[in-house]
Amino acid sequence: SQTIHQWPATLVQPVGSPLSLECTVEGTSNPNLYWYRQAAGRGLQLLFYSVGIGQISSEVPQNLSASRPQDRQFILSSKKLLLSDSGFYLCAWSTGTGISGYTFGSGTRLTVV
Amino acid sequence: GQQLNQSPQSMFIQEGEDVSMNCTSSSIFNTWLWYKQDPGEGPVLLIALYKAGELTSNGRLTAQFGITRKDSFLNISASIPSDVGIYFCAKETSGSRLTFGEGTQLTVNP
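Residue numbers (the numbering used here), protein chains in the order written: chain W, 1 to 113; chain Z, 114 to 223.
Set out below in C-alpha cells:
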C-alpha cells in the first residue's frame, strides 16, 4: 500500500535561518507531488507541484523553493526564513490519473520566531 | 474564476444534530471533492463526486454534485464529537492540482 511520510512534525526556527522539509512517498512510482501551506487552520494554498524528477512548478511567488531529487522525494526549502513563512505545511501525492489518489501527509507545523 | 466559496465559515452544534455546508464556484467543473481535516493532521478525502446531480453517501455523510456543476453540499447526520474538524470542498484544476475552499470549522458540543 502507498504511504506518505513528512517530517519533522513541528519546527521552530529563527528569522533568517534556512529551512528544509522533506516528504517521501512509498508504494508507488512517478507520483505527482505537491506542497501546500495552511495559515491559521483555514484554506490550503498550493505552493509547488511536480510531475516528475527535477520538474517543479511554482504557483505563487514567495520566499520558498522546492526540489525533487528522486522520484518519490519532495523537498521544501528556504535560504532565509521570514516571519510570514510560519504556517502548517502539507505534502501530498496523487497518481495523476484519478483524484481519489490525492493523499496528504500529516503536516509540519513551522513557527518562525 | 477558480475560487471556491464555502459556507458557513464555522458551525457550533449539539451532538446529535444534523449539519449542512455548501460550496459554490463561478465556473463549472467535472469533479467535486470533500475533505475533512482533524486538528494537527492532513486532510482526508471523505467523498468524491464526478457527475452532475450525483448523490453519494459515506456512512452518516451525504454529498451532492449540483446539476449546474457549479455547486455542491455536504450533509452530516446525527453528529458526534469526533465529527469536529475543518471540512473542505475542493475541485480539480489542470495537472491534477486541487483548489480548496476556505473550509468550514465544525464544533460539536456533547
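In this text, a Cβ means the ideal position worked out from N, Cα and C, and glycines have one as well.
Sheet register partners of residue i (DSSP bridge)
i	result
D184 of chain Z	Z:T137
T28 of chain W	None, per the DSSP bridge assignment.
K80 of chain W	Paired residue(s): none; K80 of chain W is not in a bridge.
K233 of chain Z	Residue 233 of chain Z lies beyond the residue range present for chain Z, which begins at 114 and ends at 223; the question has no answer from this structure.
N143 of chain Z	Answer by DSSP bridge pairing: none, since N143 of chain Z is not bridged.
R210 of chain Z	Z:T206
A176 of chain Z	Z:T169, Z:L187
Y89 of chain W	W:R37, W:T108
Neighbour flag for residue i against chain W, beta carbons, 8 angstroms
i	result
P156 of chain Z	yes
G114 of chain Z	Unreliable placement is indicated for G114 of chain Z, whose pLDDT of 45 sits below 50; the coordinate value is still reported in the next sentence. Taking Cβ atoms only, chain W never reaches closer than 8 angstroms to G114 of chain Z, which makes this a no.
Residue-chain proximity (residue i, chain Z), Cβ-Cβ < 8 angstroms
i	result
L46 of chain W	yes
L82 of chain W	no
Y102 of chain W	yes
Y89 of chain W	no
N30 of chain W	no
R37 of chain W	no
G54 of chain W	no
S147 of chain W	In the structure as shown, chain W begins at 1 and stops at 113. Residue 147 of chain W is therefore absent and cannot be evaluated.
G105 of chain W	yes
Proximal chain C residues relative to residue i, where beta-carbon distance stays under 8 angstroms
i	result
G43 of chain W	Given the protein chain composition of this structure (W and Z), no chain C is represented.
heavy atom of the ligand FAD below 7 angstroms from residue i C-beta
i	result
S195 of chain Z	With respect to the ligand FAD, the structure shown offers nothing to examine, as it has no ligands at all.
Query - At least three beta-carbon pairs within less than 8 angstroms, the region 126 to 143 of chain Z to the region 36 to 49 of chain W - result: No, because fewer than three Cβ pairs between the region 126 to 143 of chain Z and the region 36 to 49 of chain W fall closer than 8 angstroms, the two stretches do not touch.
Query - Residues, ordered as in the chain, of the region 207 to 223 of chain Z that lie near chain W by beta-carbon distance below 8 angstroms - result: G208, S209, R210, L211, T212, F213, G214, E215, G216, Q218
Query - Cβ contact (3+ pairs, closer than 8 angstroms) linking the region 194 to 210 of chain Z and the region 160 to 172 of chain Z - result: Judged by Cβ distances under 8 angstroms, the region 194 to 210 of chain Z makes no contact with the region 160 to 172 of chain Z, as fewer than three pairs qualify.
**Report entry** Residues from the region 181 to 203 of chain Z in contact with chain W, defined by Cβ distance under 9 angstroms
**Finding:** I199, F201, A203
Report task. Taking 8 angstroms as the threshold, find out whether the region 186 to 195 of chain Z comes into contact with the region 121 to 132 of chain Z through three or more Cβ pairs. Result -> yes
Query raised in the report: Are there three or more Cβ pairs, one per stretch, closer than 8 angstroms when the region 2 to 13 of chain W is compared with the region 52 to 69 of chain W?
Result: no
Query raised in the report: Could you give the uninterrupted runs of the beta strand (DSSP E) lying entirely in the region 33 to 80 of chain W, keeping only those of 3 residues or more?
Result: 44 to 52, 55 to 58, 65 to 70, 73 to 78
**Report entry** Residues in the region 58 to 85 of chain W having any Cβ partner in chain Z nearer than 7 angstroms
**Finding:** none
Query raised in the report: Looking at C-beta atoms only, is the number of pairs between the region 74 to 90 of chain W and the region 20 to 32 of chain W that lie closer than 8 angstroms three or more?
Result: yes
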